[in-house]
Amino acid sequence: MKDGAARWAPMAALLVILVVVAFPFYWMVLSAFTPRAVLFRPPYQLVRLDLSLENFRDLLFATEFLVYAKNSVLAAVGAIVLNVVAATLAGYGLTRFAFRGKRTFAFGTLFSYMFPPMLMAIPLYILFSALKMRNTYLGLILAHMAISLPLNIWIMWQYFQIVPLSLEEAAWVSGASRLRALREVCLPSARAGILSVAIFAFALSWNDFTFAFILQTDRHMFTLPVGLATFVEQTAIHWGMVMASAVLVSVPTFALVFFLQKYLLSGLGMSAK
Amino acid sequence: MVAYLPIGYAIALSFVKKTAFSPVTTFSGLRNYRLIVEEPELWGALWRSLVFTAGAVVLQLALGLVAALLLNRAFRGRTFVRSIFVLPYLLPTIVVALVFQWLLNQEYGVVNQLLLESRLLTRPLNFLGGLDTAMWSVIATSGWQYGSFATLLILARLQAIPPKLYEAAKVSGAGPLRCFWDVTLPNLRTTLVLVALLRGIWMFNKFDTIWLMTRGGPLKATETLPIYAYRLAFEEFDFGMAAAACTVMFVILVAGAVVYFRLFDPSREVEVGR
Chain L
0 MKDGAARWAP
10 MAALLVILVV
20 VAFPFYWMVL
30 SAFTPRAVLF
40 RPPYQLVRLD
50 LSLENFRDLL
60 FATEFLVYAK
70 NSVLAAVGAI
80 VLNVVAATLA
90 GYGLTRFAFR
100 GKRTFAFGTL
110 FSYMFPPMLM
120 AIPLYILFSA
130 LKMRNTYLGL
140 ILAHMAISLP
150 LNIWIMWQYF
160 QIVPLSLEEA
170 AWVSGASRLR
180 ALREVCLPSA
190 RAGILSVAIF
200 AFALSWNDFT
210 FAFILQTDRH
220 MFTLPVGLAT
230 FVEQTAIHWG
240 MVMASAVLVS
250 VPTFALVFFL
260 QKYLLSGLGM
270 SAK
Chain U
0 MVAYLPIGYA
10 IALSFVKKTA
20 FSPVTTFSGL
30 RNYRLIVEEP
40 ELWGALWRSL
50 VFTAGAVVLQ
60 LALGLVAALL
70 LNRAFRGRTF
80 VRSIFVLPYL
90 LPTIVVALVF
100 QWLLNQEYGV
110 VNQLLLESRL
120 LTRPLNFLGG
130 LDTAMWSVIA
140 TSGWQYGSFA
150 TLLILARLQA
160 IPPKLYEAAK
170 VSGAGPLRCF
180 WDVTLPNLRT
190 TLVLVALLRG
200 IWMFNKFDTI
210 WLMTRGGPLK
220 ATETLPIYAY
230 RLAFEEFDFG
240 MAAAACTVMF
250 VILVAGAVVY
260 FRLFDPSREV
270 EVGR
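Respectively, the protein sequence lines represent chains L and U.
With numbering that gives the first Met the number 0 as the guide, the letters of the first sequence map in order to residues 0 to 272.
With numbering that gives the first Met the number 0 as the guide, the letters of the second sequence map in order to residues 0 to 273.
Next up, the structure:
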């Protein structure tokens, strides 16, 4: 009897926690597909089958969701490209060249990764107002880089250390320039690093609320998080539509987790340790 | 460095008088700091920041520890269950905020419905709009969102504990509780401190979750330091004062970071040469 309890108690506990973790996801998806007329007439059933796409139709055709989506995608793409280029070059330079103050630089990189967005967003607002860079893609991308670049440099720094110098020397001997050797020898070996940089840059840009909220004050420049926040400011909130938008915004997250499961689990451990 | 320019500017700004309405910027020395220290709202916000941080970090650690211990056992479908546990941490904050606002809604929320049906409540609670419940609601939300960060790190550490240690403990007659106390916990200590420190630093400066769920309300019940700084800058348009509030946050961040670098020295992970 005692043995049985010892075996089943942990599984039961796991089940309880799993329900707590998974229920919000389930409820988000279920509400997104529940017709408006039913959604506002509780009590709800926890399982239902009379689902419809009504909320998604309202979202796509009656709101500016697609404008916000375009802005979010542009900002994310820009952040990925600039982060990959800058982090690769910086990481390469940090591994291969000796210069003074490297330790300070390593410290500064890690420390700036802890900076909270609010601490940077207020000064950036004033700075960008003066430079006329508020409500521009470039401004938002630069702001997103301010939080993601330090860790990305860190990641590339670690990856280039694994690439043996002898490989590169072989390329130099056969007449390749430094940049060509970097492109054709180092980059292929550091591909996993570049992929994590791209993922991290995307995730930070896609998830960011604070910077976009403060810097993008023009409705047409809102990103998804800022635009979605305006949906719940109205007096009569169309909750089904709000949940539909939440589902669409989390699609990239779900895709990332399920395609890169193993990779993410190890990568996250590394970057956060 | 992109990241340091704004911070430097903010600190410089905290020494001047600058509002959105006056084009002139005048040097005012420590005036902003004197004003802000005399401001009872600052101390209120600081106190609420501490309450929020302590509550959220304790909850995240507790959830993370329990979940990691359970996930470390062998069972079927473990990889799938593990990836569900990773999801909340990677989800955009806006999604978390919207879903929890819906779950906790007073009239239509399913949480209220379940509590009423199970007779734990007699009438629906206004979770996010109630003076007593708003802070607990945002703490619970961030516990759900970031508990998975703790789970990830603790799980990684658990898997690195050599099984030999457990065998040795069992041979000397230790029960499961004893094993946990004498083998698991000492091995986890560093990780737990690390998670508490990092999460503490990040929760203390958390803006988006709280703002999106309550706007700092009701009646400032959830107005933490970052929200106070935001209001100074964009509702009262006093950038000098806002920068002073930011600098207060920065000083506390530096204190946390000093502890972090002293304890863990993460720069050992790269070869820095000399």
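All C-beta atoms in this analysis are idealised placements derived from N, C-alpha and C, irrespective of residue type, glycine included.
What residues in its chain sit with their C-beta under 8 angstroms from that of residue 246 (chain L), if we drop five residues either side in the sequence? 27, 28 and 31
Closest Cβ-Cβ distance between residue 54 (chain L) and chain U: below 7 angstroms? no
Quick check: does the Cβ of residue 95 (chain L) come within less than 6 angstroms of any heavy atom belonging to the ligand ADP? The model on display carries no ligand, and the ligand ADP is accordingly not part of it.
Following the continuous alpha helix (DSSP H) through residue 233 (chain L), name the residue where it begins and the one where it ends. Element bounds for residue 233 (chain L): n/a, residue is neither H nor E.
Which runs of the alpha helix (DSSP H), 4 residues or longer, sit entirely within the region 56-143 of chain L? 64-95, 101-112 and 116-129
Segments assigned alpha helix (DSSP H), at least 4 residues, entirely inside the region 153-184 of chain L: 164-172 and 177-180
Residue 118 (chain L) classed as buried or exposed, judged by whether at least 16 other C-beta atoms fall within 10 angstroms: buried
Could you tell me which of U:259, U:96, U:239 and U:245 sits nearest to residue 142 (chain U), measuring between CA atoms? U:96
7 angstroms is my cut-off, CB to CB: does residue 235 (chain L) come that close to chain U? no
Would you report the Cα separation of residue 44 (chain U) and residue 227 (chain U), rounded to the nearest angstrom? 7 angstroms
Between the CA atoms of residue 262 (chain U) and residue 271 (chain U) - distance to the nearest angstrom: Reliability fails at residue 271 (chain U), whose pLDDT of 49 lies under 50, so the model's placement of it is uncertain and the value that follows must be treated cautiously. The alpha-carbon atoms of residue 271 (chain U) and residue 262 (chain U) are separated by roughly 19 angstroms.
Classify residue 259 (chain U) as helix, strand or coil using the three-state DSSP reduction. helix
Less than 7 angstroms between CB atoms is the rule here; does residue 134 (chain L) satisfy it with respect to chain U? no
Is any beta-carbon of chain L found at less than 7 angstroms from that of residue 256 (chain U)? yes
Considering only residues of the same chain and omitting the five flanking positions on each side of residue 190 (chain U), which have a CB-CB separation below 7 angstroms? 152, 153 and 156
Could you spell out where the alpha helix (DSSP H) holding residue 186 (chain U) opens and where it closes? 184-203
Contact list for the region 110-123 of chain L against chain U, Cβ threshold 9 angstroms: 110, 111, 112, 113, 114, 115, 116, 117, 118, 119, 120, 121, 122 and 123
Below 8 angstroms, can you find three or more Cβ-Cβ pairs linking the region 63-80 of chain L to the region 127-138 of chain U? no
Under the rule that 16 or more other beta-carbon atoms within 10 Å means buried, what is residue 147 (chain U), buried or exposed? buried
Quick check: the region 90-98 of chain L against the region 157-173 of chain L, are there 3 or more CB pairs under 8 angstroms? yes
Quick one: Cα of residue 91 (chain U) to Cα of residue 170 (chain L), how far? 43 angstroms
Whole-angstrom Cβ separation of residue 204 (chain L) and residue 75 (chain L), contact assumed at under 8 angstroms? 4 angstroms
Run through DSSP, which three-state label would residue 207 (chain U) get? helix
What separation, rounded to the nearest whole angstrom, lies between the Cα atoms of residue 167 (chain U) and residue 208 (chain L)? 50 angstroms
Say whether chain U places a C-beta atom closer than 7 angstroms to the C-beta of residue 286 (chain L). Nothing about residue 286 (chain L) can be reported from this structure: the residues present for chain L run from 0 to 272 only.
Inter-residue CB distance, residue 83 (chain U) and residue 227 (chain L) (contact presumed, cutoff 8 angstroms): 23 angstroms between Cβ atoms; not a contact.
Could you round the C-beta distance between residue 215 (chain U) and residue 208 (chain U) to whole angstroms and report it? I think they count as a contact, below 8 angstroms. That belief does not hold up - the Cβ atoms of residue 215 (chain U) and residue 208 (chain U) are roughly 12 angstroms apart, past 8 angstroms.
is_contact[residue 43 (chain L), chain U] using C-beta, thresh 7 angstroms: yes
Under 9 angstroms by beta carbon: chain L residues contacting residue 248 (chain U): 115, 117 and 118
Pull out every residue of the region 203-219 of chain U whose Cβ sits closer than 7 angstroms to any Cβ of chain L, in chain order. 204, 206, 207 and 211
Does residue 214 (chain L) have its Cβ less than 7 angstroms from a Cβ in chain U? no
Quick test of the definition: if touching needs 3 or more C-beta pairs under 8 angstroms, does the region 95-110 of chain L touch the region 147-156 of chain L? yes
If you follow the alpha helix (DSSP H) that residue 76 (chain U) is part of, which residue opens it and which one closes it? Neither: residue 76 (chain U) is in no alpha helix (DSSP H) and is coded neither H nor E.
Please check if any C-beta of chain U sits within less than 7 angstroms of the C-beta of residue 16 (chain L). yes
Tell me, to the nearest whole angstrom, how far the beta carbon of residue 168 (chain L) is from that of residue 185 (chain L); I am working on the premise that it is less than 8 angstroms. That pair is no contact at about 12 angstroms.
What does a CB cutoff of less than 7 angstroms around residue 180 (chain L) pick up in its chain, not counting 5 residues either side in sequence? 167, 170 and 171
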